[in-house]
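Heads up, the thing below is written out as structure tokens.
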Amino acid sequence: YIFSKAPEFSGNLFFKYFGGEVAQKIIGINYLEPKRFREITFFIRSLKDISLHPVSYEWSADGDSIVLVEPRGNTKINSIILFNNNDDLGLIFENLGLVLEEPTFRGDEDVVLEYIDLRFGNKVYFK
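Residues in the sequence shown are numbered from 2 upward in steps of one, following our numbering.
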């Protein structure tokens with residue numbers, strides 16, 4: 002439920018949500034259907050369990066969800082994670098966790114990715 006507009010801050014003091022199923026008047030309505038919002042929020046919080054640090058989420062009208070992650074602490078991954086709005090978030094989380102266990106993503110060097118694309122079932126694309 003959107004109560005009011007957040008104050009402007011530099012940096013990532015607050016987790017940011019973009020897009021959603023909102024009309025022009027956004028104050029006083031739900032960002033997403035409440036059940037789906039709880040699922041998305043749980044998924045985003047769970048990303049920390051696999052050492053990712055999400056800073057924003059976007060529900061796109063074209064059917065995609067986008068999570069921006071930034072490097073923090075020992076985690077050097079700086080990228081976006083793409084998945085379909087209606088995909089099973091448990092499966093998305095499982096696939097993402099498996100990808101991040103690969104040696105490519107666990108090195109000492111910063112991993113600069115344009116994206117990790119999880120929109121294609123058990124196939125994961127990254128650039």
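Note that the Cβ used here is the ideal one computed from N, Cα and C, for glycine as well. Treat the numbers as computed from the prediction; the structure is a model and nothing was measured.
Residue i lies in the alpha helix (DSSP H); which residues open and close that run?
i: Leu99; result: 90-101
i: Glu40; result: 35-47
Which residue wins for smallest C-alpha separation from residue i, given the options the options?
i: Lys128; options: Asp88, Leu83, Pro35; result: Leu83
Let's see if you can read the secondary structure: which residues bound the beta strand (DSSP E) around residue i?
i: Asn79; result: Looking at the DSSP string, Asn79 is not in any beta strand (DSSP E), and its letter there is neither H nor E.
i: Phe121; result: 117-121
Does DSSP put residue i in a helix, in a strand, or in coil?
i: Pro104; result: helix
i: Asp50; result: helix
i: Asp65; result: strand
i: Glu71; result: coil
Between the beta-carbon of residue i and the beta-carbon of residue j, is there less than 8 Å?
i: Ile51; j: Gly98; result: yes
i: Pro35; j: Ile45; result: no
i: Trp60; j: Gly122; result: no
Write down the C-beta distance between residue i and residue j rounded to the nearest angstrom, noting that I regard them as a contact closer than 8 Å.
i: Ile93; j: Tyr116; result: Actually they do not touch by this definition, with Cβ atoms about 14 Å apart.
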